[in-house]
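Numbering (the numbering used here), first residue to last: 24 to 334.
Report on the structure given below.
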Ligand SMILES: [Zn+2]
């Protein structure tokens, strides 16, 4: 068995205004970090275009049409102050979703032990009918709903270690008792949600807010005390991961102080859960991370652990 790595150059064609943190160089940083010799064993696949109908698992048709209608013939257009689209954005978004769904298919079929999907735009801030925080469509929530329906699973865990709260994922999975959504994030910080008191309609949401300047030790202690017991008790049949690398100390958009090895640590813990309960099945998809060097190194550390544990 092996680790699958899915990406596509169409992800570079989602353009944002000059100087925007969520830029094509992010995807280049991740893919280039995975070209060294240690990653030769990755099972590389191009992220396919998702069927547009898959978007309906999380988003109403009217919202999908509105995003399409906002796509400019050239340059960029704004959906909100942070979130922009360009001529290539819809196609890039369909590949970001398509890669994630393909990765689910691969791990469910046993074609790969686990998988990492590096595409953009990211997804965890997108709500049902609202683009926000650089995100257009909720790749990870759609993947969770897809896995439940397509494979008849009873329990899918979604773990989001991006430094920002995964408000969109929480919104879309709030009333889905077959999912457990766990998010660690800096608080206060954009988008402002993610209090520990937000627990989901079926006690299926666990938020771990972390104070600014918290380091990896604080995160590990909180995750071990609160998240691991909940994930163990939930016993997921599939583990999905919103992998943002912006909790790194070098990241310009937030004030947590994780190091590269903290991303390796959380990856090991998530693989522990997957090995115990879900036959090792884990699909991780790129969310944030805005210091290019830290992003590349942290994503490489994440994928190296996936490969070690998936071997
Ligand atoms: Zn983020």
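Ideal placement from N, C-alpha and C gives every residue a C-beta, glycine not left out.
CA-CA distance, residue i and residue j?
{"i": "residue 25", "j": "residue 118", "result": "22 Å"}
{"i": "residue 99", "j": "residue 334", "result": "43 Å"}
{"i": "residue 282", "j": "residue 242", "result": "11 Å"}
{"i": "residue 82", "j": "residue 140", "result": "21 Å"}
{"i": "residue 38", "j": "residue 256", "result": "42 Å"}
{"i": "residue 36", "j": "residue 48", "result": "11 Å"}
{"i": "residue 192", "j": "residue 155", "result": "12 Å"}
{"i": "residue 151", "j": "residue 194", "result": "8 Å"}
{"i": "residue 135", "j": "residue 94", "result": "35 Å"}
{"i": "residue 188", "j": "residue 63", "result": "33 Å"}
{"i": "residue 1", "j": "residue 198", "result": "Any property of residue 1 remains undetermined from this structure, which presents the chain solely from 24 to 334."}
{"i": "residue 66", "j": "residue 294", "result": "18 Å"}
{"i": "residue 335", "j": "residue 50", "result": "Limits of the chain in this structure are 24 at one end and 334 at the other, which puts residue 335 out of reach."}
{"i": "residue 315", "j": "residue 109", "result": "22 Å"}
{"i": "residue 221", "j": "residue 164", "result": "17 Å"}
{"i": "residue 106", "j": "residue 209", "result": "21 Å"}
{"i": "residue 115", "j": "residue 258", "result": "33 Å"}
{"i": "residue 55", "j": "residue 319", "result": "8 Å"}
{"i": "residue 88", "j": "residue 216", "result": "27 Å"}
{"i": "residue 297", "j": "residue 260", "result": "8 Å"}
Please say whether residue j and residue i have beta carbons closer to each other than 7 Å?
{"i": "residue 219", "j": "residue 230", "result": "yes"}
{"i": "residue 422", "j": "residue 45", "result": "Nothing in the structure corresponds to residue 422, since the chain is present only between 24 and 334."}
{"i": "residue 144", "j": "residue 124", "result": "no"}
{"i": "residue 275", "j": "residue 313", "result": "yes"}
{"i": "residue 271", "j": "residue 317", "result": "yes"}
{"i": "residue 236", "j": "residue 278", "result": "yes"}
{"i": "residue 138", "j": "residue 263", "result": "no"}
{"i": "residue 130", "j": "residue 326", "result": "no"}
{"i": "residue 265", "j": "residue 185", "result": "yes"}
{"i": "residue 29", "j": "residue 68", "result": "yes"}
{"i": "residue 142", "j": "residue 34", "result": "yes"}
{"i": "residue 224", "j": "residue 201", "result": "no"}
{"i": "residue 204", "j": "residue 179", "result": "no"}
Check residue i in the structure and name its three-state DSSP category.
{"i": "residue 70", "result": "coil"}
{"i": "residue 253", "result": "helix"}
{"i": "residue 150", "result": "strand"}
{"i": "residue 140", "result": "strand"}
{"i": "residue 281", "result": "strand"}
{"i": "residue 327", "result": "helix"}
{"i": "residue 186", "result": "coil"}
{"i": "residue 159", "result": "coil"}
{"i": "residue 274", "result": "coil"}
{"i": "residue 207", "result": "strand"}
{"i": "residue 322", "result": "helix"}
{"i": "residue 105", "result": "coil"}
{"i": "residue 13", "result": "With the chain running from 24 to 334 in the structure shown, residue 13 is simply not present."}
{"i": "residue 234", "result": "coil"}
{"i": "residue 124", "result": "helix"}
{"i": "residue 268", "result": "coil"}
{"i": "residue 112", "result": "helix"}
{"i": "residue 7", "result": "As displayed, the chain neither begins before 24 nor continues past 334, which places residue 7 out of reach and without an answer."}
{"i": "residue 299", "result": "helix"}
{"i": "residue 229", "result": "strand"}
{"i": "residue 25", "result": "coil"}
{"i": "residue 177", "result": "coil"}
{"i": "residue 192", "result": "helix"}
Unbroken stretches of the beta strand (DSSP E), 3 residues or longer, contained in the segment 30 to 82: Counting only runs of at least 3 residues, the segment 30 to 82 fully encloses the following beta strand (DSSP E) elements, listed from N- to C-terminal order: 66 to 69.
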